Amino acid sequence: MTSLLTAPTAARLSFKHAGLILFGLLMLYPLLWMLKSSFIPESKIFDDFGLIPGELTLENYVKGWNSGEGIGFTGYFLNTFLIVAGSLIGNLLSCSLAAYAFARLNFKLKTAFFALMLAGIMLPYHVVAIPQYILFSSTGLVGTTFLPLIIPKILAVDAFFVFLMVQFLRGIPRELDEAASIDGAGPFRTFWAVILPLMKPALITTTIFTFIWTWNDFFSPLIYLTVPESYTVSLGLNSLVDSQTSSGLGPLFAMSVITLVPVFLFFLFAQKHIVQGIATTGSKG
Amino acid sequence: MQPGKGATTRERPDSRPAPPPESLGFRSKSSVAAGPKKRTPRKKGISSAYVFLTPWMLGLVFITLGPLLASLYLSFTDYDLLSSPNWIGFENYRRMFTEDPRFLKSLAVTFTYVFVSVPLQLALALALALVLNKGIQGLALYRSAFYLPSLIGGSVAVAILWRQIFGGEGLVNELLATFGLEGMPGWISNPQTALGTLIILNVWTFGSPMIIFLAGLRQIPAELYEQGSIDGVGMFGRLRFITLPMLSPIIFFNLVLQVIGSFQAFTPAFVVSGGTGGPVDSTLFYTLYLYERGFINFEMGYASALGAVLLVIIGVLTALNFYASKRWVHYND
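Sequence order for the protein chains is H and E.
Numbers in the numbering used here are just positions in the first sequence, counted from 1, shifted up by 1494.
Numbers in the numbering used here are just positions in the second sequence, counted from 1, shifted up by 890.
Shown next as structure tokens:
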């Protein structure tokens, strides 16, 4: 593959790179333009279409941060972090417990349950959203509490992650947990002390996607969080759109950028795992 | 940044890089049975399995399967959350197909969105994967850049950006104005073009199928190409007779995944249209309509019926995909 490049192939290769770079810039241009626009005075946003800002200002950020309904963006961020934390703990624990049972333990209903779990991956959320809503509203959990968003995660509803972990466990030699059980460890001990540490890569992938999906989620917060005090960043940002005429484009862009920052940071630090996770499981990302 | 090659495979202890999509249960018989073959009679394991599965089983009852059945029941009722559900038989379904032009409109909008954007998105993903596959320098960087939009494409922030790009005084029109095309109407406020802007948004998120294609391309044995070059097969011949057939299970996998995912798109249409599906219902996605009937009007029975139809549509589309796949997907067993 990496034999000596002859002159024409070298030329073709740099042509290819030029094309890729151009295409990449075109793809990312809207994002970069929004980033730039968020740092310049609002009146200058449409002055030029380049990506190099002239006069820098943080005014949009200050104005945007203080412009949200109710508790403002400080509160929206805190709310979102709380929901993300609950979802993370829920998914990591409940999905790994289920995955261990599917991958390692024998039980009567295994085939049926496994098929149900796989079917769960395909189940469209909107189909079950209504009975779920009725259930949560009849127990008085709709409006201000985050529980309707977190409880499903505690109950291993993201079957996608269960499946991911089952696949991962199938690749781990059985000898390891059989050795543990010969040493007298019961299934719980084996799970906690042997399996869970071995599952680290799958747990990392789960963490990343749970974080990003929960962070970006809009539909379920829209249904369940009805007062501005309980808004997540998605809801807060959306409420800013309605009041855009008063708050202006600059602050709206600034807040859009800032809500993307945690996802970008995750992406930067966890790229390898993200790529691996998608490649192995075909997640939507 | 990771130097591309090997990064995707290193952490899998079983040294099976990227299990092909049949592991998602597509050829499910083999994969369901692929669990532990040895039925070691461990009594402890039998009883404790259900303890491990307790959260999942509760989820099945209260969050997934239970609500699914409840939804089917509610779809035959008239229910507004205040009084108890009132059985009306097939009335919801009858109304839907005979008296509800907005339902039919939302179907048309969603089908257009899915059937235009998914093929474009997959074609772009495949093209880029083919270009990036040849051990190109800076692969990790390109891959990240192209993948980034997938990561945030469903966020409110990007939907807001799209509103601005295609708005009346948005980026596109301001750019056009510098070329002398002044006073263009907003792309999102024009019923002719509004859906198009959302289609562009979906195509823009071609990065995740691209990564799946890249993983698939790595699985194709190099010998096949060596054989091909001995036989004097040209570039297009290689694509036509080696790459595409070998990649067909992955293409199929991406197709199923993206069709299902796109059918459920919600956030972009909601934010870009301000929650209305407008202008004149031109971006009334199916999920948007379901949301409106269920969570704005609180017609829980009718919205459940909409949900049941959504389930049937997705089921039928998936089944059709599987059926058609027998004709063109080549499994290399």
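Ideal Cβ placement from N, Cα and C applies to all residues, glycine included.
Keep in mind the model is a prediction, meaning the values are calculated, not measured.
By the Cβ criterion, the stretch 1016-1028 of chain E is in contact with the stretch 1089-1105 of chain E, since at least three pairs of Cβ atoms, one from each stretch, lie closer than 8 Å.
Taking E/Ala1193 as reference, the option from H/Ile1628, H/Gln1770 and H/Ala1606 with the minimal CA-CA separation is H/Ile1628.
Identification of residues in the stretch 1698-1710 of chain H having a C-beta nearer than 7 Å to some C-beta of chain E yields Ile1706 and Asn1710, given in sequence order. The C-beta of E/Glu1059 comes closer than 9 Å to at least one C-beta of chain H. H/Arg1683 counts as exposed, since fewer than 16 other C-beta atoms from the protein chains shown sit within 10 angstroms of its C-beta. Checking the DSSP bridge columns, you'll see E/Gly1097 has no partner listed. Taken atom to atom, the span from the alpha-carbon of H/Phe1763 to that of E/Trp1052 is near 27 Å. Interface annotation, E/Phe993: not in contact with chain H, CB-CB separation never under 9 Å. Secondary-structure assignment with DSSP links H/Leu1692 through no beta bridge to anything. Look at E/Ala1084: its C-beta is not under 9 Å from any C-beta on chain H. Sequence-ordered contacts of the stretch 1131-1144 of chain E with chain H read Phe1143 [C-beta pairs closer than 7 Å]. Between H/Val1578 and H/Thr1708, the C-beta spacing is below 9 Å. C-alpha of E/Leu1134 to C-alpha of E/Phe1005: approximately 21 Å in a straight line. Restricted to the stretch 1060-1091 of chain E, the alpha helix (DSSP H) segments that are unbroken, complete and at least 4 residues in length are 1061-1068, listed in chain order. Excluding its 5 nearest sequence neighbours in each direction, H/Ile1648 has C-beta neighbours in its own chain below 6 Å: Gly1584 and Ser1588, listed in chain order. Going by C-alpha positions, E/Trp1094 is about 12 Å away from H/Tyr1523. For H/Phe1747 against H/Ser1532, the beta-carbon gap comes to about 4 Å, under 8 Å, which counts as contact. Taking C-beta atoms as the reference points, E/Gln1054 and H/Leu1743 count as a pair closer than 9 Å.
Using a C-beta cut-off of 8 Å, the stretch 1624-1639 of chain H makes contact with the stretch 1710-1728 of chain H, since at least three inter-stretch Cβ pairs fall below that distance.
Taking 9 Å as the cut-off, the beta carbon of E/Ser961 is found closer than this to the beta carbon of H/Val1622. In this structure, E/Thr1177 lies away from E/Ser1163, with their beta-carbon atoms at least 9 Å apart. Assignment of beta-bridge partners to H/Trp1559 by DSSP yields no partner.
By alpha-carbon distance to H/Met1749, the top candidate from H/Ala1504, H/Leu1514 and H/Tyr1555 is H/Tyr1555. Listed along chain E are Pro945, Trp946 and Gly949, each with a C-beta nearer than 7 Å to that of H/Ala1650. When the Cα atoms are used, H/Phe1607 and E/Val1123 turn out to be separated by approximately 48 Å. Look at the stretch 1012-1036 of chain E and you find no whole run of beta strand (DSSP E) that is 3 residues long or longer. When DSSP states are grouped into helix, strand and coil, E/Asn976 belongs to the strand group. Annotation for E/Ile1050: Val1161 place their beta carbon closer than 8 Å to its own, counting only its chain and skipping 5 residues before and after.
Fewer than three Cβ pairs drawn from the stretch 1671-1691 of chain H and the stretch 1535-1548 of chain H lie within less than 8 Å of each other, which leaves the two stretches out of contact. The C-beta distance from H/Glu1723 to H/Ile1565 rounds to 5 Å, short enough to fall under 8 Å. Within the stretch 1569-1582 of chain H, no residue has its Cβ closer than 8 Å to any Cβ of chain E. Here DSSP, grouped into helix, strand and coil, assigns H/Leu1719 to strand. Residues of the stretch 1004-1022 of chain E with a C-beta less than 9 Å from any C-beta of chain H: Leu1018, Val1021 and Leu1022, listed in chain order.
Between the alpha carbons of H/Pro1642 and E/Trp977 lies a distance of about 28 Å. For chain E, the residues of the stretch 1537-1568 of chain H that bring a beta carbon within less than 8 Å of one of its beta carbons are Phe1540 and Phe1543, in chain order. Pairwise C-beta distances place the stretch 1511-1528 of chain H in contact with the stretch 1033-1044 of chain E, as three or more of them are shorter than 8 Å.
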